[in-house]
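In the numbering used here, the protein residues as written are 31 to 518. Glycine residues also receive a C-beta, built at the ideal position from the N, C-alpha and C atoms. Note sheet for the following structure.
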């Protein structure tokens with residue numbers, strides 16, 4: 031069956047529904063949602079139920095749009111105060127680490143290509159191109175697993191991995207594009223290559239910073255009667271940032287990530303509505319991207335490269351990634367050995383390498399179809415081996431801690447403009463022994479009880495309300511009063 035204007039909504043809705051149901055089931059068992067979405071796409075694809083999708087150029091465009099939104103949303107979730115202590119190692123991992131991973135893996139692929147028993151025969155540059163497409167990591171699925179297991183990480187590992195995964199795609203993209211240009215132009219000078227990297231980094235970083243600041247200014251100053259339009263306005267900035275940066279020869283992926291960080295770390299109007307919109311849109315684009323890639327691949331073609339791809343995948347997991355991580359983290363003596371081992375293991379390949387593998391296909395690089403199939407196979411191996419063992423390795427290395435509670439049990443949020451904090455407390459027998467009504471409770475000055483939850487019943491509080499053991503109170507406090515009370 032081929033996608034047509036008449037059946038695309040029907041097929042698309044079925045694919046989305048099946049993906050969400052399957053993803054929810056896998057979430058409980060610690061299986062990365064990405065892997066399940068890919069498998070759903072493969073099940074419905076040409077070697078499964080027969081859906082035909084073979085347009086790498088369309089896949090590349092959809093991937094570009096999806097990655098722009100995903101990276102911007104990831105930037106919004108990256109908090110300066112969390113990444114500041116680990117900024118240096120995170121940046122080194124996302125730049126030098128990507129380069130070293132590509133270099134070591136590329137040399138190994140070239141070594142395999144020289145063996146008579148293998149069915150790949152790539153020259154050095156093509157081997158490095160193959161390695162570059164899969165040199166970045168995908169930690170989104172890692173944290174989905176950690177959340178499903180109610181697990182956090184010690185030693186600031188979580189923000190370091192978030193920073194690395196959010197910022198290493200631009201480096202992998204630049205390596206991929208430069209190597210394709212090198213192949214097509216029959217060689218480029220060292221100065222040209224270095225200049226291209228510098229321009230992409232500088233223009234991308236500058237554009238992301240400036241346009242992120244502009245987005246903050248417009249969101250806070252513009253007066254739109256309909257608050258539902260603010261998230262759409264921000265979405266237009268995401269696409270504009272990527273497109274204009276690309277036109278200026280900068281790195282669009284780096285620009286949208288930095289712009290997202292700027293927006294996420296400053297006060298903006300209607301933050302809750304914008305965050306909810308971006309979170310839902312991110313999930314939608316992730317599902318669409320993974321399904322599309324599953325449909326694009328022909329599984330029977332992967333069998334032809336299975337042995338070689340498995341060897342490359344094992345090399346990346348066991349040697350390439352760990353060697354790169356340990357070399358990058360050598361200057362940072364405070365990072366423990368166990369932390370280095372865990373970072374080495376959490377090198378999951380995700381949708382990004384597969385998207386980048388479409389670039390050689392669109393550019394008609396010799397052997398590009400084999401490159402795509404190898405990258406796809408290695409991604410599946412990585413998700414199965416590393417993705418399903420993240421929580422186990424964290425516990426094995428004694429790096430796991432319980433997930434910290436966020437928000438409140440009532441699910442109530444207030445606009446950012448209101449300078450208050452919401453929290454909740456549960457009434458215990460010890461509290462009741464001192465005070466059994468709200469008026470007798472010794473609450474900090476400036477703190478009020480908004481609502482009382484008793485079982486499934488919600489009660490409007492008043493001073494004479496008799497409290498029971500197990501009652502949950504939703505408290506609102508002025509931030510400055512609360513901070514003064516805590517300091518005292």
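Nearest neighbour of residue i, chosen from the options [CA to CA]
| i | options | result |
| --- | --- | --- |
| residue 42 | 317, 154, 110 | 317 |
| residue 372 | 428, 115, 225, 500 | 428 |
| residue 394 | 211, 53, 161 | 211 |
| residue 98 | 206, 473, 319 | 319 |
| residue 250 | 53, 135, 301, 124 | 301 |
| residue 396 | 63, 216, 411, 502 | 216 |
| residue 452 | 476, 65, 504 | 504 |
| residue 500 | 40, 53, 460 | 460 |
| residue 167 | 382, 63, 65 | 382 |
| residue 195 | 213, 128, 238, 151 | 128 |
| residue 239 | 253, 288, 219, 213 | 288 |
| residue 309 | 487, 107, 144 | 107 |
| residue 92 | 484, 315, 290, 483 | 315 |
| residue 384 | 326, 423, 340 | 326 |
| residue 237 | 257, 213, 292 | 292 |
| residue 258 | 67, 304, 272 | 304 |
| residue 37 | 377, 63, 82, 53 | 82 |
Sequence-distant residues of the same chain with beta carbon closer than 8 Å to residue i, five excluded per side
| i | result |
| --- | --- |
| residue 356 | 370, 374 |
| residue 358 | 119, 122, 123, 126, 127, 130 |
| residue 103 | 290, 308, 309, 311, 312 |
Backbone secondary structure at residue i - three-state DSSP
| i | result |
| --- | --- |
| residue 488 | strand |
| residue 109 | coil |
| residue 67 | helix |
| residue 360 | coil |
| residue 216 | coil |
| residue 515 | In this predicted model, residue 515 has a pLDDT of only 43, less than 50, meaning its place in the structure is not dependable enough to derive any value. |
| residue 330 | helix |
| residue 254 | coil |
| residue 289 | helix |
| residue 38 | helix |
| residue 144 | coil |
| residue 322 | helix |
| residue 46 | helix |
| residue 279 | coil |
| residue 396 | coil |
| residue 77 | coil |
| residue 133 | helix |
| residue 377 | coil |
Proximal residues to residue i (C-beta, below 6 Å), its chain only, five neighbours per side dropped
| i | result |
| --- | --- |
| residue 283 | 101, 199, 200, 203 |
| residue 276 | 282 |
| residue 345 | 138 |
| residue 206 | 162, 163, 386, 389 |
| residue 232 | none |
| residue 113 | 189, 193 |
| residue 148 | 142, 338 |
| residue 306 | none |
Those residues which DSSP pairs with residue i across a bridge
| i | result |
| --- | --- |
| residue 478 | 506 |
| residue 454 | 504 |
| residue 182 | 431 |
| residue 467 | 496 |
| residue 483 | 488, 502 |
Test: residue i CB closer than 8 Å to a CB of chain D
| i | result |
| --- | --- |
| residue 62 | This model lacks chain D altogether, as it is built from one protein chain only. |
Original post:
On the three-pair Cβ rule with 8 Å, is the region 232-252 touching the region 260-267?
Top reply: yes
Original post:
Counting pairs of Cβ atoms below 8 Å between the region 332-343 and the region 73-93, do you hit three or more?
Top reply: no
Original post:
Are at least three pairs of beta-carbons, each pair with one atom in the region 484-495 and one in the region 457-471, less than 8 Å apart?
Top reply: yes
Original post:
Touching or not, the region 402-416 and the region 357-366, by the rule of three or more beta carbon pairs under 8 Å?
Top reply: no
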